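As they're listed, the protein sequences go chains A and S.
Numbering (my numbering) for the first sequence: 570 to 701.
Numbering (my numbering) for the second sequence: 570 to 701.
We put the CB at the ideal spot given by N, CA and C, even for glycine.
Predicted model only: the values in this text are computed from it and were never measured.
2 protein chains.
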Amino acid sequence: MEQSSAGPAADLATIRRSLPDQEEIVDVADVFSLLGDPARLRILVALTSRPLRVRDLAVVSGSSESAVSHALRLLRAHRVVSAQRIGREAHYRLADSHVRALLELALDHVGHTGLLHGVGVAHDDAPALGCR
Amino acid sequence: MEQSSAGPAADLATIRRSLPDQEEIVDVADVFSLLGDPARLRILVALTSRPLRVRDLAVVSGSSESAVSHALRLLRAHRVVSAQRIGREAHYRLADSHVRALLELALDHVGHTGLLHGVGVAHDDAPALGCR
DNA sequence: TATTCATGTGAACAAGTATTCACATGATCG
DNA sequence: CGATCATGTGAATACTTGTTCACATGAATA
């Protein structure tokens, strides 16, 4: 998605028309919002490693099992994670590669290198630009 | 993208140690949270096209100028956008390529797969459990 | 069957937050 | 200078939301 459908120096009306409709905006915002809570984010980063049970996630992320369950319910409802029941255990995992990509992009952004695998950390880190 | 620096079937302690510390988690969560508000998201998507002034962003995004200014203040504080003053106007743009990449990933996902949008699927509650 | 275990859930309180309104700041123009 | 314009900001309100607590569900075990 480069300059989108709007060409270079598009006028305001063109830009406004090029925006996703409210429904899509809200859907995307919902997902970002889900990733925007530290407790849920810890859960998701933990799931970057491998599928985990609710109890494990509580231990790893440092939240109560109830809080984790509530969090997973929301994440499930928005297809951010998927669950698989085996007996009385529920194994959760990241729903798809897009979620993983979002997490890795963001972690890379703050310079966290411990979690990512062979990914060459050649990020360009453009430091704003505000001054001219 | 492979699992993580933790080997296959890493134990819980290993996974827990591999998590970013609280400070990094909160930083990343803050950015996601900023992208998680529909009004701010509209602003940011508009900025993927080209730099815009506060007034233009108000028109394009459909929020009041005051609301936009408040939003931009937060986005600026977290280096999500950068500003350049020209006379009495302030031109805002996306701060760096990471932000753009996050937006593109999310919007692209919605546009192509309907995962967030739910192609013919109710998107508020998902069963998602027990799929094997 | 009774018990235990893992997970799910509803209600309610606490904490955070986005918007509006009124006004401040600071630059430009007549 | 005084007026006007674009933007920034503080306080207050209304709204959203995450956590805890108590309990429910449903599967395994004895």
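| Check | Outcome |
| --- | --- |
| Classification of A/A582 by the beta-carbon crowding that lies within 10 angstroms, buried from 16 upward | exposed |
| Terminal residues of the alpha helix (DSSP H) in which A/S651 lies | Premise fails: A/S651 lies in the beta strand (DSSP E), V650 to I655, not in any alpha helix (DSSP H). |
| Own chain, CB closer than 7 Å to A/A640, minus 5 neighbours either side, in chain order | A608, R609 and I612 |
| Which of helix, strand or coil DSSP assigns to A/L663 | strand |
| Distance between beta carbons of S/A636 and A/L671, contact taken as under 8 Å | Incorrect: roughly 26 Å between the Cβ atoms, too far for contact. |
| Extent of the continuous alpha helix (DSSP H) run through A/D580 | Unbroken run through A/D580: none, as it is neither H nor E. |
| Exposure label - A/R645; buried when at least 16 CB within 10 Å | buried |
| Neighbour-count burial assignment, A/E673, 16 or more Cβ in a 10 Å radius | buried |
| Given A/V628 as reference, the closest of S/E593, S/V679, S/A578 and S/I584 once Cα atoms are compared | S/I584 |
| Exposed unless 16 or more other CB atoms sit within 10 angstroms - verdict on A/D625 | buried |
| Residue-chain proximity (A/H639, chain S), Cβ-Cβ < 8 Å | no |
| Contact residues within the segment 593-614 of chain A, judged by C-beta distance below 7 Å to chain S | E593, I594, V595, D596, V597, A598, V600, F601, S602, L604, G605, D606, P607, L610, R611 and V614 |
| DSSP three-state assignment for A/S587, whether helix, strand or coil | helix |
| Of the residues A/S618, A/G656, A/Y661 and A/P620, the one placed nearest A/S638, counting alpha carbons only | A/Y661 |
| Residues that DSSP places opposite A/R622 in a beta bridge | A/H660 |
| Buried/exposed call for S/D580, threshold 16 Cβ in 10 Å | exposed |
| Contact set between A/V623 and chain S, taken where Cβ atoms lie within less than 7 Å | Chain S residues near A/V623: none, gap ~12 Å exceeds 7 Å. |
| Of the listed residues S/E658, S/V614, S/D590 and S/V679, nearest to S/V650 (C-alpha basis) | S/V614 |
| Short CB-CB distance (under 8 Å) between A/R618 and chain S | The amino acid at residue 618 of chain A is misidentified as Arg; the sequence shows Ser. At least one chain S Cβ lies under 8 Å of A/S618. |
| Minimum Cβ-Cβ distance from S/R642 to chain A less than 8 Å | no |
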